[in-house]
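Student: Numbering (the numbering used here), first residue to last: 1 to 204. Below is one structure. I have some questions about it.
Quick look at the structure:
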């Protein structure tokens, strides 16, 4: 069961850390110290609900359809490889840092609505939580423990974004920091893709 928990923690963590619209938004409000813990908490709750829905809704279907599980495994490999390539490209070419100037503080309601928008209007969120994570979790010895690890990863990551973004705002405003972040993301995505490619779904 511990292996399932650690797998959920690492897989979900690696996917969540792939900086997208949601993560960049939370970092932005954290850098500006603009109701960032509310924003992070909403992201944690949404991730937990989507992971639970995907895991316990999709895993039963996957287990009864080994061919579908195999197809999802290779879809996951392709998707993770694409994420790694995108991250390496950003690390090589660079991008602008987060702006911390000229921000007027918004109400918690506006921040939460914007957080919901960047979370639920991003198709990658559904690919991750309803497709990719369940396809890996269905292969684990304990689905519930895997989900606990996956949810823990979300809590840890968004807590880190909220706390670290506020504490390290001068460093995070520099483009060089994003090259380091994107390079790390690329390595993590590539390692997960290789692991998924060389491990066949459980057939027991």
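Backbone N, C-alpha and C define an ideal beta-carbon position, used for all residues, glycine too.
(1) Can you find at least 3 beta carbon pairs, one from the stretch 176 to 191 and one from the stretch 30 to 42, that sit closer than 8 Å?
(2) To which residues of the same chain is residue 52 closer than 7 Å at the C-beta, ignoring the five residues directly before and after it?
(3) Taking the continuous alpha helix (DSSP H) assigned at residue 32, which residues delimit it?
(4) Straight-line CA distance for residue 6 to residue 87?
(5) Who are the Cβ neighbours of residue 100 in its own chain at under 7 Å, not counting the five residues just before and after it?
(6) For residue 46, tell me which candidate among 192, 154, 167 has the shortest Cα-Cα distance.
(7) Return helix, strand or coil for residue 141, following the three-state DSSP convention.
(8) Taking residue 118 as the reference, which of 199, 23, 9 has the closest Cα?
(9) May I ask you to report which of helix, strand or coil DSSP gives residue 202?
Tutor: On the basis of the data shown:
(1) no
(2) 147
(3) Taken as a continuous stretch (DSSP letters only), residue 32 belongs to no alpha helix (DSSP H), as it is neither H nor E.
(4) 24 Å
(5) Any reading at residue 100 must be qualified, since the residue scores a pLDDT of 49, below 50, and its modelled position is unreliable; no value is offered.
(6) 154
(7) coil
(8) 23
(9) Only weak support exists for where residue 202 lies, its pLDDT of 48 falling under 50; the coordinates are left without a value.
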